Amino acid sequence: MAVPRTVRTVCPRNCYCTCGMLVSLDEHDTIRSIEGDPGNPATGGHVCLKGLSYARRVTSPDRLLTPLKRSAAGRGFEAATWDEAFADIADRLARVRQAHGPESVLYYEGSGSHGALGGLAMAFWRQFGGCTTTYGDLCWPAGLEATRLTYGDNRHNHPMLTGRSRLILVWGHNPAETNVHQWRLMLDAQARGARLIVIDPRQTDTTDAADGHLQPRPGTDAALALGLARVIVDEGLHDGAFLDAHAHGFEAYRRRLDLFPLDRAAEITGLPAGAIRDLAVAYATTKPALLVAGFGLQRHSRAGQSMRAVALLPALTGNVGVAGGGWQYANLASHCLRPLPLPPEPAAARAIPVSQVAKHLESLDAPPVRAAWIERGNPAAQNPSAPRLRDGLRRLDLVVVVDQFLTPTAELADWVLPAKSLFEEEDLVTAYWHPYLQWRARILPPPGEVRPETEIWRAMCARMGFDTRWFPDDREVFLQTLLPDRRASTLERLKHEPLDLSGNGDIAFADRRFPTPSGRVEFASDEAAARWGVDPVPDYVPLDEGFTSAAREKFPLQLLSCKTRDRIHSQFGNLDWVREVERPHVLDIHPDDARARGIADGGRAAVWNDRGRIEITARVTPGIRPGVVHVLEGWCHDGDPDVNALTAEGITDMNHGATYYECLVEVARA
């Protein structure tokens with residue numbers, strides 16, 4: 002019998018907070034409680050509903066505990082042994098490779114769980130001879146590249162410095178639901194007198210607490226940013242000293258502002274000119290001011306340029322390199338680990354955009370994709386054009402999915418292999434909101450026949466005659482070698498506390514040194530033009546599928562599919578604890594748009610475009626902008642709408658992101 006104990010660990014989910022957690026177990030090694038770790042300098046003694054529900058997730062009756070193979074009749078699954086699984090999968094992969102080449106196998110890894118060890122899968126695929134992988138990201142890459150092009154690096158002030166802000170401008174972000182620790186800091190700053198202003202086309206928990214709320218047309222953020230900048234410059238509120246010392250290309254940028262007088266910015270965005278002017282003056286005259294941008298304003302084809310336009314506002318007003326100010330989008334300070342040791346990359350390596358998997362399953366040749374291995378993701382629900390992607394998976398000779406549950410993707414597999422939980426393998430976990438690297442402890446042995454993914458890949462290598470030395474026998478020793486200093490003492494410290502190993506300090510760019518080609522903040526970027534074919538100076542260009550496009554005659558409403566506090570995409574919604582309290586996935590529609598279509602609150606509505614159609618319960622609310630409708634994303638169970646039946650496989654103007662919010666639809670009573 003074990004001794005009751007409390008273990009420090011970290012949530013590895015794809016979430017801003019990457020919460021430190023204390024997990025308490027009884028003498029039977031049963032989890033009795035999960036609490037926030039008060040020793041975490043960013044997340045403190047708090048943890049969200051999803052973190053608390055790990056106690057249920059790890060013991061859920063729906064959790065997969067043994068390999069499953071599709072039944073001979075093709076309907077449903079039956080339990081199998083690991084030997085059966087490895088033998089059949091290895092044989093079928095070898096046959097596909099023999100017939101079509103290694104690139105005929107798609108390896109798809111999502112971001113459903115973070116950890117350094119996840120990358121070891123490539124030790125198998127490189128020895129396999131290569132494969133087809135994906136590049137880009139479904140979530141946030143255009144904003145990352147826009148920030149890098151502007152400031153040279155993705156870093157921002159320590160979250161705790163939010164308390165020094167006097168004005169907080171939240172743009173395309175809903176931290177009350179998706180970044181709960183940042184939200185707590187914002188509310189604390191607001192209680193001490195800071196103004197909180199939110200830019201979002203819809204009403205959210207965040208806007209409910211704000212001192213001001215602007216609701217622009219989706220996809221017009223660049224015009225709003227340039228309009229704000231025009232007011233700031235016209236009224237002499239820009240920081241001339243900072244710009245003279247630290248700006249590159251400001252004169253070209255200033256000429257661009259000539260195209261965005263207040264009246265034009267108001268016309269494009271659909272906002273009152275007075276509201277734009279008031280925000281510009283407040284932002285420029287209240288110091289320090291913090292601009293927090295979310296992923297929402299970069300999920301369309303003009304994403305990078307929009308983010309560059311918004312990201313320049315802190316530099317324009319001298320709010321860079323100061324406590325309580327700055328540009329906050331992503332902090333990659335913790336991404337400091339050494340590269341994984343892997344076999345050499347083979348010549349037969351092909352990659353496709355992650356937002357266009359459905360298209361390439363249909364169209365790739367020389368060779369076509371004939372098999373797929375999918376882990377840490379649920380593309381059959383979460384990727385654009387999901388029904389077409391599901392059809393593509395059904396046509397393959399072999400689909401292997403590694404997961405803890407029978408997700409919509411796993412339901413399509415020939416083999417489903419049971420995945421570990423965060424408690425069942427040690428690892429190092431990075432973050433993207435705070436600067437701390439954290440240790441994820443091994444708290445419990447895997448239940449049933451569950452194996453960590455590293456052991457699955459080791460066994461697959463052995464089965465196919467590959468070298469298994471890439472997979473560590475001692476994971477702690479291996480993880481130590483990935484640390485920047487490779488010291489055992491650093492690893493021991495990580496077991497007791499999160500560490501910022503970046504050396505950047507708490508204030509981003511406090512030294513006013515910017516690792517851009519010019520060494521300055523780039524208001525004009527030749528690199529952006531050369532690398533991505535965009536204008537060196539940020540500009541506003543209407544969306545191809547937006548409020549000015551011809552498609553609006555047929556599909557007049559702009560669909561947004563945003564995140565919810567209760568899930569991380571399609572994760573956690575299967576748990577009874579979460580389903581008891583989660584918000585319903587309904588269609589938010591403005592009373593004017595509902596009235597014109599005969600849609601009543603609580604009634605059923607059909608939502609469609611040329612890509613697909615769904616039916617859903619309507620919620621008529623004045624909280625959403627007219628001409629815009631909204632459905633929470635994250636298909637997890639039968640009650641969820643298949644919202645990605647409607648989304649397109651577009652790509653952002655830089656860094657290969659997805660364009661979920663560039664989506665026109667029509668709505669009618671169902």
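Numbering (my numbering), first residue to last: 2 to 671.
Just so it is clear, CB atoms sit at the ideal spot from N, CA and C, and this is done for glycine as well.
As the structure is a prediction and not an experimental result, all values here were calculated from the model.
Nearest candidate by alpha-carbon position, reference residue i, set the options
{"i": "Asn-610", "options": "Leu-560, Asp-639 and Thr-565", "result": "Leu-560"}
{"i": "His-249", "options": "Tyr-661, Val-538 and Cys-18", "result": "Val-538"}
{"i": "Thr-60", "options": "Gly-547, Lys-496 and Lys-421", "result": "Lys-421"}
{"i": "Pro-232", "options": "Leu-314, Asp-643 and Cys-337", "result": "Note that residue 232 is Val in the sequence shown here, rather than Pro. Nearest of Leu-314, Asp-643 and Cys-337 to Val-232, Cα basis: Leu-314."}
{"i": "Asp-404", "options": "Gln-481, Leu-418, Glu-650 and Leu-258", "result": "Leu-418"}
{"i": "Phe-125", "options": "Thr-82, Ala-669 and Pro-342", "result": "Pro-342"}
{"i": "Arg-598", "options": "Arg-670, Thr-431 and Val-535", "result": "Arg-670"}
{"i": "Phe-243", "options": "Lys-564, Gly-297, Phe-515 and Gly-635", "result": "Phe-515"}
{"i": "Arg-626", "options": "Asn-656, Asp-589, Thr-618 and Ile-198", "result": "Asp-589"}
{"i": "His-631", "options": "Val-621, Cys-637, Gly-640 and Arg-165", "result": "Val-621"}
{"i": "Thr-67", "options": "Val-4, Pro-447, Leu-170 and Tyr-152", "result": "Pro-447"}
{"i": "Gln-572", "options": "Ser-364, Ala-382 and Leu-69", "result": "Ala-382"}
{"i": "Ile-375", "options": "Gly-603, Val-106 and Trp-83", "result": "Val-106"}
{"i": "Gly-164", "options": "Gly-658, Trp-578, Gly-327 and Pro-518", "result": "Gly-327"}
{"i": "Leu-438", "options": "Asn-332, Ala-211, Val-579 and Leu-394", "result": "Asn-332"}
{"i": "Thr-618", "options": "Trp-636, His-586 and Asp-245", "result": "His-586"}
{"i": "Leu-492", "options": "Trp-533, Gly-520 and Asp-428", "result": "Asp-428"}
{"i": "Val-358", "options": "Cys-337, Ala-334 and Pro-388", "result": "Pro-388"}
{"i": "Leu-225", "options": "Glu-236, Leu-197 and Leu-258", "result": "Leu-258"}
Per DSSP, the bridge partner or partners of residue i
{"i": "Ser-25", "result": "Thr-7 and Ser-34"}
{"i": "Asp-70", "result": "Position check: residue 70 holds Lys in this sequence, whereas Asp was assumed. DSSP, once it has assigned bridges, lists Glu-79 and Trp-416 as partnering Lys-70."}
{"i": "Ile-169", "result": "Leu-197 and Leu-291"}
{"i": "Trp-440", "result": "Leu-429"}
{"i": "Leu-317", "result": "Its beta-bridge partners do not exist; DSSP assigns none."}
{"i": "Gly-45", "result": "According to DSSP, Gly-45 bridges with nothing at all."}
{"i": "Gly-213", "result": "Ile-198"}
{"i": "Trp-328", "result": "Leu-292"}
Residue-chain proximity (residue i, chain C), Cβ-Cβ < 9 Å
{"i": "Leu-423", "result": "Here chain C cannot be found, since the structure has a single protein chain."}
As assigned by DSSP and simplified to three states, the class of residue i
{"i": "Pro-354", "result": "strand"}
{"i": "Ile-198", "result": "strand"}
{"i": "Leu-272", "result": "coil"}
{"i": "Val-644", "result": "helix"}
{"i": "Thr-469", "result": "coil"}
{"i": "Asp-589", "result": "strand"}
{"i": "Leu-365", "result": "coil"}
{"i": "Ala-223", "result": "helix"}
{"i": "Tyr-108", "result": "strand"}
{"i": "Ile-233", "result": "helix"}
{"i": "Gly-52", "result": "helix"}
{"i": "Leu-484", "result": "coil"}
{"i": "Trp-434", "result": "coil"}
{"i": "Ile-617", "result": "strand"}
{"i": "Tyr-284", "result": "helix"}
{"i": "Arg-605", "result": "strand"}
{"i": "Trp-636", "result": "coil"}
{"i": "Trp-374", "result": "strand"}
{"i": "Asp-527", "result": "helix"}
Assigned exposure category for residue i - 16 Cβ within 10 Å defines buried
{"i": "Ala-649", "result": "buried"}
{"i": "Leu-260", "result": "exposed"}
{"i": "Gln-99", "result": "exposed"}
{"i": "Ser-72", "result": "exposed"}
{"i": "Glu-616", "result": "exposed"}
{"i": "Ala-290", "result": "buried"}
{"i": "Glu-663", "result": "buried"}
{"i": "Thr-135", "result": "buried"}
{"i": "Val-451", "result": "buried"}
{"i": "Asp-415", "result": "buried"}
{"i": "Val-535", "result": "buried"}
{"i": "Gly-241", "result": "exposed"}
{"i": "Val-4", "result": "exposed"}
{"i": "Ser-490", "result": "exposed"}
Nonlocal neighbours in the same chain, by C-beta distance under 8 Å from residue i, ignoring five residues either side
{"i": "Glu-667", "result": "Lys-555, Phe-556, Pro-557, Leu-558, Val-608, Trp-609 and Asn-610"}
{"i": "Ile-35", "result": "Met-22, Leu-23, Val-24, Ser-25, Val-48, Gly-52, Leu-53, Tyr-55 and Ala-56"}
{"i": "Leu-263", "result": "Gly-228, Arg-231, Val-232, Ala-274, Ile-277 and Arg-278"}
{"i": "Trp-458", "result": "Leu-121, Ala-122, Ala-124, Phe-125 and Phe-472"}
Cβ-heavy atom distance, residue i to the ligand SAH, below 8 Å
{"i": "Arg-71", "result": "Ligands in the displayed structure: none, and consequently the ligand SAH is not present."}
Contacting residues, own chain, Cβ-Cβ under 7 Å from residue i (five flanking each side not counted)
{"i": "Gly-102", "result": "Ala-349 and Pro-368"}
{"i": "His-174", "result": "Val-293, Ala-294, Gly-295 and Gly-297"}
{"i": "Thr-286", "result": "Leu-238"}
Own chain residues within Cβ distance below 6 Å of residue i, not counting five before or after
{"i": "Ala-432", "result": "Thr-19 and Ser-335"}
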